[in-house]
Every structure is written in C-alpha cells, then in structure tokens.
Amino acid sequence: MPDDPGSPQPDRGFLFGEQRIAPGTQRSFDLPISRLSSGQSATMPVRIVHGTRPGPTLFVSAAIHGDEIAGVEIIRRLLKRVSPKALSGTLLCVPIVNIYGFVSNSRYLPDRRDLNRSFPGSPRGSLASQLAYIFRTQVIERADFGIDLHSAAIHRMNLPQVRVSHDSPRAQELALVFGAPAVITAQLRDNSLRKVAADSGVEMLLYEAGEGLRFDDLSIRTGLNGILRVMAAMGMIKPKRLPAALPVSARSSSTAWVRAPRGGICLMEKRSGDVVTEGQALAIVTDPLSTEEEIVRAPFDGVIIGHATLPIVNRGDALLHIAMVERHDTVEHRVNAISDTILGDVMLDEDEIL
Numbered sequence: 298m299p300d301d302p303g304s305p306q307p308d309r310g311f312l313f314g315e316q317r318i319a320p321g322t323q324r325s326f327d328l329p330i331s332r333l334s335s336g337q338s339a340t341m342p343v344r345i346v347h348g349t350r351p352g353p354t355l356f357v358s359a360a361i362h363g364d365e366i367a368g369v370e371i372i373r374r375l376l377k378r379v380s381p382k383a384l385s386g387t388l389l390c391v392p393i394v395n396i397y398g399f400v401s402n403s404r405y406l407p408d409r410r411d412l413n414r415s416f417p418g419s420p421r422g423s424l425a426s427q428l429a430y431i432f433r434t435q436v437i438e439r440a441d442f443g444i445d446l447h448s449a450a451i452h453r454m455n456l457p458q459v460r461v462s463h464d465s466p467r468a469q470e471l472a473l474v475f476g477a478p479a480v481i482t483a484q485l486r487d488n489s490l491r492k493v494a495a496d497s498g499v500e501m502l503l504y505e506a507g508e509g510l511r512f513d514d515l516s517i518r519t520g521l522n523g524i525l526r527v528m529a530a531m532g533m534i535k536p537k538r539l540p541a542a543l544p545v546s547a548r549s550s551s552t553a554w555v556r557a558p559r560g561g562i563c564l565m566e567k568r569s570g571d572v573v574t575e576g577q578a579l580a581i582v583t584d585p586l587s588t589e590e591e592i593v594r595a596p597f598d599g600v601i602i603g604h605a606t607l608p609i610v611n612r613g614d615a616l617l618h619i620a621m622v623e624r625h626d627t628v629e630h631r632v633n634a635i636s637d638t639i640l641g642d643v644m645l646d647e648d649e650i651l
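As numbered in this note's numbering, residues 298 to 651 make up the sequence shown, in order.
Structure, rendered in structure tokens:
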C-alpha cells in the first residue's frame with residue numbers, strides 16, 4: 298500500500314554525495330578537493346551527525362583561513378559533546394576548510410588568494426575558486442543555518458565576538474543567544490562566505506576570537522558554549538544542563554581601527570576587552586633611540602574588540618579595533634562578567650553528552 302502523502306514520511310537518512318547517513322548515526326568523510334604537487338590527494342574533512350528526530354541542518358566550519366585554528370579545537374570538542382541519539386536535525390561540521398593553509402600555517406592558499414574573498418567560486422576557476430565552489434555546493438547550500446569560526450590574524454588578538462548581518466532578524470536573535478562578550482552588526486562583503494550564504498538563503502553567524510596559530514581557553518570555551526546555546530535555541534538539543542546564564546552582550550554597529558601615527562615601538566596601555574572613553578590614552582609609540590613619545594588616544598567611547606600583539610610597528614599599522622557600544626557605562630561589567638562566567642562554568646570540563 299503506498300504511503301499516505303499526508304502522513305510524516307520516514308527518515309531515510311541524510312544524503313551526502315552518494316553516501317546516506319542513517320538516523321541516529323554519524324560518519325566522517327574526506328571530501329575530494331584536488332591533488333598536492335606531490336601527487337597526494339587533498340581533501341576537506343567533514344563529519345555529519347544525523348539525529349534520530351527531524352530538525353534543522355546546522356553547518357559549523359573553521360579554518361577558512363588556515364592559520365585561524367581555534368575553531369578546529371572548538372569543533373573537536375563539539376563533536377565529543379553531541380550524541381546523534383539525542384539530536385534533532387543534522388550537524389554538519391567542517392573543522393578545516395582551507396587544508397592548504399592549515400598544513401602550512403598560512404592564512405592563504407598556495408597562490409596567496411584569500412578563500413573568504415573567493416565565493417561563490419567556480420568548478421573551473423583558480424584553486425581558491427574551486428575550493429569555494431565545493432564548500433558552497435556541498436556544505437553551505439545543504440544547511441538551514443551556519444556558524445563560521447575565526448581568529449584574529451597572526452600578531453593580533455580578538456575579544457570573543459559574534460558578527461551578524463543587520464538584515465537577518467533570526468541571526469540577530471541567535472547572536473545574542475550565543476553569549477559572546479560582544480555582538481557586532483557588520484555589512485556583508487562581496488565574495489565572502491557570509492555574502493554567498495545570504496544569497497543562498499542561509500543565515501549565519503561569524504565568531505571571532507583569540508589569535509592566529511594559538512589556542513586560548515576563553516576563546517575555545519566561549520565558542521563551544523555559544524554553539525551549544527544556538528543548537529538548543531534551534532531545538533536541536535536538550536542539554537541535561539544548559540550553560541550558565543550570561544549577561545547581555547555588548548552590541549555595536551560601528552567600529553574603527555586606531556592606527557600607528559609613526560613607525561617605531563608600540564607600548565600598549567589598553568587591550569581587548571577594555572572599555573575606553575574618548576581621548577583616553579591607548580598606547581605610546583616611540584623608537585629605540587628617542588625620548589619622544591607619541592600618545593595614541595581613543596577617538597570615541599567604546600570597547601576594544603581587537604589589538605595588535607607585535608610591538609614593532611610601521612606608520613599606518615592597525616593597533617586597536619574599537620567598537621562604539623550601547624550602554625557604555627555598563628559594558629565593562631558585562632564583558633568581564635561574561636568572561637568570568639564562561640571560564641568558571643564547570644559544564645565545559647565535564648564529559649557530558651548532549
């Protein structure tokens with residue numbers, strides 16, 4: 298007897314390529330990309346966790362810039378936490394998108410192209426364009442929502458923050474659910490992952506935290522904590538114990554870089570997470586043989602969301618990234634409270650399966 302078209306259809310599994318992942322199971326794949334100059338295969342690692350109950354498909358990706366590795370560890374810990382037996386929907390994880398940059402500790406691909414400026418990609422374009430095409434068609438377009446994990450560039454440090462488009466109401470809501478110290482409303486850049494996802498009808502969050510080629514506890518815990526919160530809000534998981542309640546994130550829709558007025562040595566007086574007022578001293582720039590010191594001051598009230606860690610600077614180098622925030626008088630308390638709560642949350646030290 299044929300199926301009743303009005304009744305729920307049985308879940309026959311999540312089809313990925315020619316493989317089908319059965320409900321309540323998970324599988325790892327090596328998505329073919331190309332061949333290395335040595336003749337060895339280059340692949341993109343993918344793990345798909347398909348739940349026992351229907352629900353949304355969420356992609357989580359990292360290392361689109363190969364030197365931004367904190368997200369790789371966030372995804373590893375996430376996959377330890379999530380059980381397919383207790384999952385509604387599908388979790389599609391890609392811990393290393395730019396395998397070329399990852400193995401060479403580089404932001405870029407071998408041709409020095411930026412993968413995050415190469416979308417939507419083409420099956421017959423440059424290496425970056427082909428890789429972008431594979432990721433878009435095999436991952437982004439298969440999802441209902443996405444979270445892309447980033448770090449600052451080498452010699453820079455970012456306060457854990459979420460970036461979201463101003464015209465994505467659902468993503469704006471989930472950005473606050475994520476619980477990072479700061480939420481930045483940022484325009485979509487042409488040829489970026491966020492832009493091509495939006496063009497494909499997939500809303501997403503971009504998480505920025507920490508420093509390139511480094512792990513730090515706050516960045517990793519905030520990222521893991523945030524993804525679990527978003528999954529719970531999407532109805533994908535019902536944790537035995539939700540992460541601790543957090544204060545409201547600092548919100549901003551306007552940021553600016555403060556740059557070095559001259560070359561020399563930079564002595565930072567403020568760092569990521571510090572709240573500053575207009576005219577306040579942020580750093581001093583001098584040089585090895587000079588007694589003259591030039592003070593770099595804050596252009597407006599705000600919170601520092603990123604800073605350079607290398608003290609040797611040239612004229613025009615970006616020193617600090619400042620966000621103009623709402624409720625400036627309470628920002629410092631909220632940023633510190635979020636960081637302290639995340640680092641003190643014992644759930645992240647337990648082997649609790651969700």
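Glycine residues also receive a C-beta, built at the ideal position from the N, C-alpha and C atoms.
- Burial state of A578 is exposed, judged by a 10 Å Cβ sphere holding fewer than 16 other Cβ atoms.
- P478 is classed as buried because its beta carbon has at least 16 other beta carbons within 10 Å across all chains shown.
- Taking a C-beta distance under 8 Å as the contact criterion, G509 and A450 qualify as a contact pair.
- In this structure, M533 lies near S385, with their beta-carbon atoms less than 8 Å apart.
- Here the region 471 to 485 does not lie against the region 390 to 401, with fewer than 3 beta-carbon pairs under 8 Å apart.
- For N522, the closest C-alpha among the options R374, A495, T354 is that of R374.
- Within the model, the alpha-carbon separation for D496 versus T583 is close to 47 Å.
- Secondary structure note for N522: its alpha helix (DSSP H) is the uninterrupted segment 514 to 530.
- Inter-residue distance for G336 and I371 is about 31 Å (C-alpha atoms, whole angstroms).
- Here D308 carries a coil assignment [DSSP, helix/strand/coil].
- I609 counts as exposed, since fewer than 16 other C-beta atoms from the protein chains shown sit within 10 angstroms of its C-beta.
- The beta carbon of R433 lies closer than 8 Å to those of F416, P417, G418, V493, S497 in the same chain, with the five residues before and after it left out.
- When the Cα atoms are used, L564 and T606 turn out to be separated by approximately 10 Å.
- Counting C-beta atoms within 10 angstroms of its own C-beta, R421 has fewer than 16 neighbours from the protein chains shown and is therefore classed as exposed.
- A residue is called buried when at least 16 other Cβ atoms come within 10 angstroms of its Cβ; G314 does not meet this threshold and is exposed.
- Rounded to whole angstroms, V573 and T638 show a C-alpha spacing of 22 Å.
- For the set Y405, H630, V436, L333, the Cα lying nearest the Cα of L389 is the one of V436.
- Non-local beta-carbon contacts of P329 in its own chain, meaning distances under 7 Å to residues more than five positions away in sequence, involve S338, T340 in chain order.
- Residue range 578 to 583 is occupied by the beta strand (DSSP E) that includes V582.
- One alpha carbon belongs to A440, the other to T354, and they sit about 5 Å apart.
- The DSSP-derived three-state label of F356 is strand.
- In this chain, the beta strand (DSSP E) harbouring R548 covers 547 to 556.
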